[in-house]
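Let me begin by presenting the structure, written as structure tokens, before commenting on it.
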């Protein structure tokens, strides 16, 4: 099969350079001596590639591409390594995560409550009196006790500092008593719409703020300065390139975040493709403001052509999280010691308001990405999309369902129909959730629902195109984890064994690769420019130490990116 694919690519080169014709113009760069996975429509495999002016001009065998090597051609010897299209993350809070990593206490490796507390105590000891201890990334799936510290435990190590520590999902934050006092939150404070001030079994506050309840922190936590924001962007782009990523969609970027991206793009073209979503919030006044912001960004982009920055829609939050058991579902979440009465989660707004938003944005020709994790939320989204597109039929908006963890049969039917009729209704999923949040998700969903999560195999059978991503900083942005998780569906922990999600909805590595490349490129409206290695497309390339199509599944998560090219330029090389 490999031999036939190489021969087909060679034929393309020979057709472009007929016998007796002059030798082709030399390439700027040639990759040869390895395996190149094109991820084109036929998933061809070739040996070599020629690049000129940042774009691919030829693909084929080493022998065929030799004709493109001139005196000044840079020749990259793959030496048996494997090249793929540059990876694209269809949903990564890249700027937010980058800032977080350079500015805040990182708790992702906290392995027990004692370890968690020790890290907080150490950070508190470094700060001047009264300064905030801010952190993020704690993950109950990786904490031995499967819970965060209690309010009393956190207070004991706070050293008089206000403490706010975000969960890795971004949907809930652990705070100490000092913060609750500053916020004026007591056990009698009513829960806000779309959120909850969590309480223990006795009715006392436990310090966890769910979803919109976190809004009380907005006016309390000191913001980071402009220099830190710029440093965060540089940090995350450099890290992304080191993992073979050459593009991402950054959702929920407010005006402040957009200005960081725009300022960087004005200085120099970004070394990754960045597509942003403006944020609709939870009422129609804010939704109309989001339309204005979208239009303003489009106007500003006129001066940023060729700078690899774009705005590709608007984001709406409809429900919460699976790990936090606040996603909007039909059947109540499982209960345990840390979740005494999670119920069926909640919507972030009334469904009538949500439908008005969808109608508004569809009428305005704005692509929509709706955060919907629970089955009830997902049904609401697909029905709203279908109704809006029937009223305002527009092709190619590519309305998406962000996360779409637990779609019903009805939702899958509507997705398939929307994709065929309107080029909309695309799941933007995250296989990495099954790994990184595995124990927390399995605990909340229970065994019956867990095996139905992220039904990738069903999507493929139904002809539904989906994209994959990380939701960074919820999970790491390295796409190798997503490739592996798509195939293996294994949790990080073993609280429920190694197969709580089953394997019936797993896909093979070829499908997984598409979901991280060409299918993801579609959701950035870039599939004609990148996402596969084809003549005429940008030479966005990741070079790996192994062939993902040939190694055992368990080896996928350990892949190492050795080099990344963006538009034919080497932007990362592992030394």
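Numbering (the working numbering), first residue to last: 4 to 578.
Every residue gets a Cβ at the ideal spot worked out from N, C-alpha and C, and that includes glycine.
Between which residues of its own chain and residue i is the CB-CB distance below 6 angstroms, once the five residues before and five after are set aside?
{"i": "residue 246", "result": "481 and 564"}
{"i": "residue 570", "result": "57 and 541"}
{"i": "residue 260", "result": "98"}
{"i": "residue 399", "result": "426"}
{"i": "residue 575", "result": "244, 245 and 567"}
{"i": "residue 311", "result": "272, 273 and 276"}
{"i": "residue 124", "result": "160"}
{"i": "residue 586", "result": "Outside the displayed range of the chain (4 to 578) lies residue 586, so it cannot be described from this structure."}
{"i": "residue 65", "result": "35, 50 and 51"}
{"i": "residue 553", "result": "none"}
Since I believe residue j is in contact with residue i (beta carbons under 8 angstroms), could you give me their beta-carbon distance rounded to a whole number of angstroms?
{"i": "residue 30", "j": "residue 53", "result": "4 angstroms"}
{"i": "residue 157", "j": "residue 183", "result": "About 11 angstroms separates the two Cβ atoms, so there is no contact after all."}
{"i": "residue 282", "j": "residue 91", "result": "No, residue 282 and residue 91 are not in contact; Cβ-Cβ is about 22 angstroms, not under 8 angstroms."}
{"i": "residue 139", "j": "residue 179", "result": "The Cβ separation is near 15 angstroms, so there is no contact."}
{"i": "residue 594", "j": "residue 479", "result": "Because the chain here runs from 4 to 578, residue 594 falls outside it and cannot be looked at."}
{"i": "residue 72", "j": "residue 536", "result": "Contact doesn't hold; Cβ gap of about 18 angstroms is too wide."}
{"i": "residue 253", "j": "residue 95", "result": "6 angstroms"}
{"i": "residue 278", "j": "residue 313", "result": "5 angstroms"}
{"i": "residue 343", "j": "residue 144", "result": "About 19 angstroms; that fails the 8 angstroms criterion."}
Could you spell out the range, first to last residue, of the alpha helix (DSSP H) harbouring residue i?
{"i": "residue 482", "result": "482-491"}
{"i": "residue 450", "result": "441-453"}
{"i": "residue 516", "result": "512-518"}
{"i": "residue 257", "result": "It is not in any alpha helix (DSSP H) - residue 257 carries neither H nor E in the DSSP assignment."}
{"i": "residue 534", "result": "Counting along the chain, residue 534 falls outside any alpha helix (DSSP H), and DSSP gives it neither H nor E."}
{"i": "residue 364", "result": "354-366"}
{"i": "residue 521", "result": "521-526"}
{"i": "residue 421", "result": "412-425"}
{"i": "residue 388", "result": "378-394"}
What does a CB cutoff of less than 8 angstroms around residue i pick up in its chain, not counting 5 residues either side in sequence?
{"i": "residue 321", "result": "331, 350, 351, 352, 357, 373, 374, 375, 380, 383 and 384"}
{"i": "residue 395", "result": "362, 365 and 366"}
{"i": "residue 411", "result": "378, 381 and 382"}
{"i": "residue 126", "result": "108, 136 and 138"}
{"i": "residue 577", "result": "245, 563, 564, 565 and 566"}
Residue i: which of the options sits nearest, CA to CA?
{"i": "residue 555", "options": "512, 577 and 576", "result": "512"}
{"i": "residue 484", "options": "551, 530, 466 and 529", "result": "551"}
{"i": "residue 499", "options": "437, 273 and 544", "result": "437"}
{"i": "residue 84", "options": "549, 578, 571 and 558", "result": "549"}
{"i": "residue 204", "options": "318, 280 and 339", "result": "339"}
{"i": "residue 389", "options": "447, 416, 451 and 249", "result": "416"}
{"i": "residue 327", "options": "447, 284 and 216", "result": "447"}
{"i": "residue 119", "options": "95, 160 and 79", "result": "160"}
{"i": "residue 429", "options": "522, 445 and 443", "result": "522"}
{"i": "residue 369", "options": "392, 354 and 209", "result": "392"}
{"i": "residue 215", "options": "229, 309 and 196", "result": "196"}
{"i": "residue 181", "options": "200, 217 and 165", "result": "165"}
{"i": "residue 280", "options": "403, 148, 186 and 208", "result": "403"}
{"i": "residue 346", "options": "61, 75 and 198", "result": "198"}
{"i": "residue 149", "options": "167, 355, 572 and 114", "result": "114"}
Got a sec: does the ligand PLP put a non-hydrogen atom nearer than 7 angstroms to the Cβ of residue i?
{"i": "residue 215", "result": "As presented, the structure is devoid of all ligands, the ligand PLP included, so that no description of it is given."}
Are the Cβ atoms of residue i and residue j separated by less than 8 angstroms?
{"i": "residue 454", "j": "residue 505", "result": "yes"}
{"i": "residue 265", "j": "residue 241", "result": "no"}
{"i": "residue 137", "j": "residue 224", "result": "yes"}
{"i": "residue 235", "j": "residue 101", "result": "yes"}
{"i": "residue 508", "j": "residue 458", "result": "yes"}
{"i": "residue 174", "j": "residue 324", "result": "yes"}
{"i": "residue 510", "j": "residue 463", "result": "yes"}
{"i": "residue 559", "j": "residue 487", "result": "yes"}
{"i": "residue 318", "j": "residue 255", "result": "yes"}
{"i": "residue 190", "j": "residue 206", "result": "yes"}
{"i": "residue 534", "j": "residue 27", "result": "no"}
{"i": "residue 405", "j": "residue 431", "result": "yes"}
{"i": "residue 128", "j": "residue 163", "result": "no"}
{"i": "residue 33", "j": "residue 68", "result": "yes"}
{"i": "residue 419", "j": "residue 466", "result": "yes"}
{"i": "residue 515", "j": "residue 489", "result": "yes"}
Assuming residue i is part of the beta strand (DSSP E), what are its boundary residues?
{"i": "residue 242", "result": "From DSSP, residue 242 is part of no beta strand (DSSP E) but of the alpha helix (DSSP H) over 229-245."}
{"i": "residue 276", "result": "276-282"}
{"i": "residue 576", "result": "572-576"}
{"i": "residue 77", "result": "77-80"}
{"i": "residue 68", "result": "Counting along the chain, residue 68 falls outside any beta strand (DSSP E), though it belongs to the alpha helix (DSSP H) covering 65-68."}
{"i": "residue 119", "result": "No beta strand (DSSP E) contains residue 119, which is instead part of the alpha helix (DSSP H) from 116-129."}
{"i": "residue 459", "result": "It is not in any beta strand (DSSP E) - residue 459 instead sits in the alpha helix (DSSP H) that spans 459-464."}
Leaving aside the five residues before and after residue i along the sequence, list all residues of the same chain whose C-beta is less than 7 angstroms from its C-beta, in chain order.
{"i": "residue 5", "result": "Low per-residue confidence applies at residue 5: pLDDT is 37, beneath 50, and the placement is therefore not dependable enough to give any value."}
{"i": "residue 10", "result": "Below a pLDDT of 50, predicted positions are generally treated as unreliable, and residue 10, at 39, falls in that range; the measurement from the model is reported next regardless. Excluding sequence neighbours, residue 10 sits near nothing in its chain."}
{"i": "residue 519", "result": "90, 91, 471, 482, 485 and 486"}
{"i": "residue 359", "result": "287"}
{"i": "residue 257", "result": "282"}
Can you find a C-beta in chain D that's less than 8 angstroms from the C-beta of residue i?
{"i": "residue 511", "result": "As a matter of chain content, chain D is missing from the structure shown, which is built from one protein chain."}
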